[in-house]
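Novice:
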Amino acid sequence: MGSANPDGDQDDGCSKVDVVFAVDNSGSMSEEHDALRGPVFDSFPQQLLDINNGIQDFRLGVIDACPKPAWFHNWGASGACNFSTGANYMSSTSANLAAEFSCVTAFSSQGFENMPDQCVDDGALDDDDEQPSLTAAEAVSAANLGGNNLDFIRDDAILFVVAMTDEDEEFADVNSAQEIYDRLVAAKGGDVSSVVYLGVAGNSVCAGPYGTALDAQHAKEVANLFAAEGQGLFWDLCQGNLETAFQTAISTLVDDTCQGFTPPEG
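Position 61 of the sequence shown, counted from 1, bears residue number 55 in our numbering, the numbering being contiguous throughout.
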């Protein structure tokens, strides 16, 4: 990590991370949700808190795989999650971060202030409720950052995206993995070196430790575009050990990205 001065401020590297956690909430994911709620999901914010590389704070927005609308959730199955930020995303400074994250990852189709998603979860295989990567990209688009996800992205922070599905990233509203990649990178001014991407999906058709999964070709394509730049990782949902996926992405990719990050002046 970059050197520090006596006041504890970094001379280089990053001290802030903006995290988007996008998880498929279609019907096929019910068994995964049942398996992942609690210790597995809850390990994620704790690992961010535990990272020992000079990161001072992070923001954490959670959303399902529906980009209509792509507004971070502040509502879970038990009702309002009452984030201490007063916004629809969480902060590492919250004394109740674990409870807030547990609330919002008990996914509800009414994720933003009890407003239902406008996606469907039946019919054709190009279901628009199974687009976690695109939904993350839409959530950090200029339109949503000027709207209900107001000012979530900070110029002096890196962007860390987690996208998860047990089926595949359905290209219902885009034509290619490259389009999703381009939209995510655009959120950081076209600089892929300030983006970290973790894709979680099946690498084959399987009955894994969290439930069944399909061979996710599109999800792998998105992750591989970031991996080719040294900024991404694909994790096979079939092998389980999702806590290790979080740890690997945070302790290697996020850490390495922070070391090379130069915050803008001013």
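Think of the CB as a built atom: it goes at the ideal place given N, C-alpha and C, for glycine as much as any other residue. None of the values given here were measured: they were computed from a predicted structure.
Closer than 8 angstroms by C-beta to ASP145: which residues in its own chain qualify, once you throw out the five before and the five after it? Chain order, please.
Specialist: LEU139.
Novice: Does DSSP put ALA100 in a helix, in a strand, or in coil?
Specialist: In the structure shown, ALA100 sits in coil (DSSP, three-state: anything other than H, G, I, E or B).
Novice: If you follow the alpha helix (DSSP H) that CYS252 is in, where does it begin and where does it stop?
Specialist: 249 to 254 is the extent of the alpha helix (DSSP H) around CYS252.
Novice: For LEU153, count the other beta carbons within 10 Å of its own beta carbon; 16 or more makes it buried, fewer makes it exposed. Which is it?
Specialist: It counts as buried.
Novice: Measure how close the beta-carbons of VAL13 and LEU42 come, nearest whole angstrom, since I'm counting them as under 8 angstroms.
Specialist: Contact flag correct, Cβ pair sits at about 7 angstroms.
Novice: Just to confirm my understanding: we take ALA131, look at its own chain, exclude 5 residues before and 5 after, and list those with CB closer than 6 angstroms. What are they?
Specialist: Here the set comprises ILE174, ARG177, LEU178.
Novice: With a CB to CB cut of under 7 angstroms and the five nearest residues on each side skipped, what residues in its chain are close to LYS182?
Specialist: The answer, listed in chain order, is LEU153, SER188, VAL189.
Novice: Please determine, among VAL34, CYS8, ALA29, the residue with the shortest C-alpha to C-alpha distance to LEU236.
Specialist: Cα-wise, what sits closest to LEU236 is VAL34.
Novice: Where do the ends of the beta strand (DSSP E) carrying ASP185 lie?
Specialist: First-last for ASP185: undefined, no H or E at that position.
Novice: Alpha carbons only, please: which of LYS214, TRP229, ASP44 is nearest the one belonging to SER170?
Specialist: With distances taken between Cα atoms, SER170 lies closest to LYS214.
Novice: Just tell me which of VAL156, THR256, PRO126 has its CA closest to the CA of ASP185.
Specialist: Looking at the Cα atoms, THR256 is the closest of the given residues.
Novice: Return helix, strand or coil for THR246, following the three-state DSSP convention.
Specialist: Three-state DSSP puts THR246 in a helix.
Novice: Can you pull the DSSP bridge partners for LYS10?
Specialist: Its beta-bridge partners are ASP51.
Novice: Could you spell out where the beta strand (DSSP E) holding VAL189 opens and where it closes?
Specialist: Start and end: 189 to 195.
Novice: Specify the secondary structure class of ASP36 as computed by DSSP and reduced to three states.
Specialist: Looking at ASP36 - three-state DSSP - the assignment turns out to be helix.
Novice: Kindly identify the DSSP beta-bridge partner or partners of ILE152.
Specialist: In DSSP, ILE152 forms a bridge with VAL11.
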